[in-house]
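Below: one structure, written as structure tokens.
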Amino acid sequence: MAHYRSTGFVPPKRHTQHRTPEGGLYYEELMGEEGFSADSSLLYHRNIPSALTAARVWELPDATLTPNHPLLPRHLRPHELFGGEEPADGVDVVTGRRLLLGNADVRLSYVVADTVSPWYRNALGDECLFVERGHARVETVMGAFEAGPGDYLVLPRATTHRWIPRDAGDEGYAEPLRVYAIEASSHIGPPRRYLSRYGQLLEHAPYCERDLHGPDGPLLAEDVGADPSEETEVYIRHRASGEGAAGGQGGTIHTLPFHPLDVVGWDGCLYPYRFHISDFEPITGRVHQPPPAHQVFEGHNFVVCNFVPRKVDYHPLAVPVPYYHSNVDSDEVMFYVDGDYEARKGSGIQQGSISLHPGGHAHGPQPGAYEKSLGVEYFDETAVMVDTFRPLDLGEGGMACDDGRYALSWHRGPGA
Numbered sequence: 001m002a003h004y005r006s007t008g009f010v011p012p013k014r015h016t017q018h019r020t021p022e023g024g025l026y027y028e029e030l031m032g033e034e035g036f037s038a039d040s041s042l043l044y045h046r047n048i049p050s051a052l053t054a055a056r057v058w059e060l061p062d063a064t065l066t067p068n069h070p071l072l073p074r075h076l077r078p079h080e081l082f083g084g085e086e087p088a089d090g091v092d093v094v095t096g097r098r099l100l101l102g103n104a105d106v107r108l109s110y111v112v113a114d115t116v117s118p119w120y121r122n123a124l125g126d127e128c129l130f131v132e133r134g135h136a137r138v139e140t141v142m143g144a145f146e147a148g149p150g151d152y153l154v155l156p157r158a159t160t161h162r163w164i165p166r167d168a169g170d171e172g173y174a175e176p177l178r179v180y181a182i183e184a185s186s187h188i189g190p191p192r193r194y195l196s197r198y199g200q201l202l203e204h205a206p207y208c209e210r211d212l213h214g215p216d217g218p219l220l221a222e223d224v225g226a227d228p229s230e231e232t233e234v235y236i237r238h239r240a241s242g243e244g245a246a247g248g249q250g251g252t253i254h255t256l257p258f259h260p261l262d263v264v265g266w267d268g269c270l271y272p273y274r275f276h277i278s279d280f281e282p283i284t285g286r287v288h289q290p291p292p293a294h295q296v297f298e299g300h301n302f303v304v305c306n307f308v309p310r311k312v313d314y315h316p317l318a319v320p321v322p323y324y325h326s327n328v329d330s331d332e333v334m335f336y337v338d339g340d341y342e343a344r345k346g347s348g349i350q351q352g353s354i355s356l357h358p359g360g361h362a363h364g365p366q367p368g369a370y371e372k373s374l375g376v377e378y379f380d381e382t383a384v385m386v387d388t389f390r391p392l393d394l395g396e397g398g399m400a401c402d403d404g405r406y407a408l409s410w411h412r413g414p415g416a
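Residue 1 is where the sequence shown starts when you use the UniProt record's numbering, and the numbers rise one by one after that.
Structure, rendered in structure tokens:
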């Protein structure tokens, strides 16, 4: 994302001596994409960022994938994976994720968390995490965020960070932290059609740079009450092959001889940022707009879209709910966050549900929704959609919370 920021204490010229108040040197780290050929930032550390004192295997959560065969649309109920509406018990956002759906390009997981996560770095790809409910402080080596319902956090590959849920029992925090995780094997950013050739968001884009919030920082160990020289474990998800690798993934825990919050300043165009779904400005028309009108992010072989409260089609003969469509080239996953989703009435889908509509199966409104939508002027609905261009398989979490009935929900049955 080519939107330059500078935070903290950086030298006037890159790759030059940057000295501590005592006269020593800070250690410069380039965090960049595509080698040295794309967006990057320069971080200035108190410690040598390569230093570690120990390493051991991290046994990753179950990453098994089962083909969606026979081909079926699915209704997943991820709230059931964590005790329904009850708070979690001893679960964190990093190690507690349950895999719902995935392929080689993207993995979709869900977690309800009440415990501080370990320090974590995803070296496989960028992460886009959507906060469904609850609040958290997210601390990264580049600064911190306060995140709440409706926030996306986009974390570039290899950003060391941790999640600190706000206790649902604390004043002002009524609900447990619920997070929907979109983990890429690539980078995640604004759609290219929204950007100028220099990377600025264009006038037709449904959001702009003012809506993208970087972290508050710099953030140092002593700012969070920690000893800067404290040995710290960092959990790393990374590429792996051979025996013990799960779907090309491996897990390792590095022990650092210092606390990871040691960056006194950084600058560049690569950093984590927060975007609230309500800052997405919906694009509407006289007749129904196709899903790309709702796109917010893209990665390799997948896109992320928002459906937000909006005025709908205003042609006098418009049918406001979606037309039936065959996903010839993609699988479609819809996470129903808030509101009353008009097209799915009567299907069993409700807030917190996730639907999978696979390529090869024509899908659209439930019986009766087509007719009932006529004359409707406004949809009060919030949903996050992920479309993939390779088929999605079912993860262990998806298998565990599939309702088993959704595929038949378009059939009225005899006498209906």
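Ideal placement from N, C-alpha and C gives every residue a C-beta, glycine not left out. Being a predicted model, the structure only gives us computed values, none of them experimental.
Check	Outcome
Let's test the definition: count the other Cβ atoms within 10 Å of the Cβ of P414 and tell me whether it reaches 16, buried, or not, exposed.	Since pLDDT at P414 reaches only 43, below the 50 mark, its modelled position is unreliable, and the value read off the structure follows with that caveat. P414 comes out exposed.
Which same chain residues end up closer than 7 Å to R390 when comparing Cβ atoms and leaving out the 5 residues on each side of it in sequence?	N103, A104, D105 and N301
Looking only at its chain, what residues have a beta carbon closer than 8 Å to the beta carbon of H161, apart from the 5 residues adjacent to it on each side?	W119, Y120, R121, V138, E139, T140, V141, L155 and P272
Does G143 pass the burial test, meaning 16 or more other C-beta atoms within 10 Å, or should it be called exposed?	buried
Work out the CA separation of E230 and R192 for me, nearest whole Å.	42 Å
Just to confirm before moving on: does the CB-CB distance between L101 and Y110 stay below 8 Å?	no
With distance defined between alpha-carbon atoms, name the residue in A136, T159 and S347 nearest to D126.	T159
Taking its Cβ as the centre, do 16 or more other Cβ atoms sit within 10 Å of F82, making it buried, or is it exposed?	buried
Would you decide whether G251 is buried or exposed? Buried here means 16 or more other CB atoms lie within 10 Å of its CB.	buried
Leaving aside the five residues before and after L153 along the sequence, list all residues of the same chain whose C-beta is less than 7 Å from its C-beta, in chain order.	L129, V138, F145, A147, P272 and R274
Considering just the uninterrupted stretch of the alpha helix (DSSP H) at A400, what are its terminal residues?	E396 to A400
Quick check on H18: does DSSP put it in helix, strand or coil?	coil
In the DSSP output, what is L177 paired with across the bridge?	A113
Measure from the alpha carbon of I48 to the alpha carbon of each residue in P257, S41 and P206, then state which is nearest.	P257
Any idea if R197 is buried or exposed, counting beta-carbon neighbours within 10 angstroms, 16 or more meaning buried?	exposed
The beta strand (DSSP E) that contains A136, what's its start and end?	A136 to T140
According to DSSP, is A407 helix, strand or coil?	helix
Indicate the three-state DSSP secondary structure (helix, strand or coil) for P11 in the structure shown.	coil
Does the region 314 to 328 come into contact with the region 282 to 298, if we say contact requires no fewer than three beta-carbon pairs (one atom in each stretch) closer than 8 Å?	yes
So within the region 354 to 391, which uninterrupted beta strand (DSSP E) runs reach at least 3 residues, ignoring any that extend past its ends?	354 to 357 and 381 to 388
So what does T160 bridge to, in DSSP terms?	Note: T160 sits in no beta bridge, so no partner.
Please return the same chain residues whose Cβ sits closer than 6 Å to the Cβ of G352, not counting the five positions on each side in sequence.	H79
Considering only the alpha carbon of each residue, which of D62, L76 and D211 lies closest to A407?	L76
Any idea what DSSP makes of D331, helix, strand or coil?	strand
Would you give the residue range spanned by the beta strand (DSSP E) that W119 belongs to?	W119 to N122
Beta-carbon within less than 6 Å of P292's beta-carbon, same chain only, minus the 5 sequence neighbours each way: which residues are those?	none
Identify which residue in S409, P358, Y370 and D387 has its Cα closest to the Cα of P67.	P358
Mark E381 as exposed unless 16 or more other C-beta atoms lie within 10 angstroms of its C-beta, in which case mark it buried.	buried
With distances taken between CB atoms, is the gap from R74 to L374 smaller than 8 Å?	no
Between R237 and L60, which are expected to be in contact by the criterion C-beta below 8 Å, what is the C-beta distance as a whole number of angstroms?	7 Å
Which residues in the same chain have their Cβ closer than 6 Å to the Cβ of D92, if we skip the five residues on either side of it in sequence?	A113, T115 and S117
If you drop the 5 nearest sequence neighbours on each side, which residues of the same chain put their C-beta closer than 6 Å to that of A181?	R97, S109 and L129
Could you have a look at R239 and say whether DSSP puts it in helix, strand or coil?	strand
Can you tell me whether DSSP reads R192 as helix, strand or coil?	helix
Could you spell out where the beta strand (DSSP E) holding E28 opens and where it closes?	Y27 to G32
Let me check understanding here. Comparing Cα to Cα, which of G8, Q249 and A63 lies closest to G397?	A63
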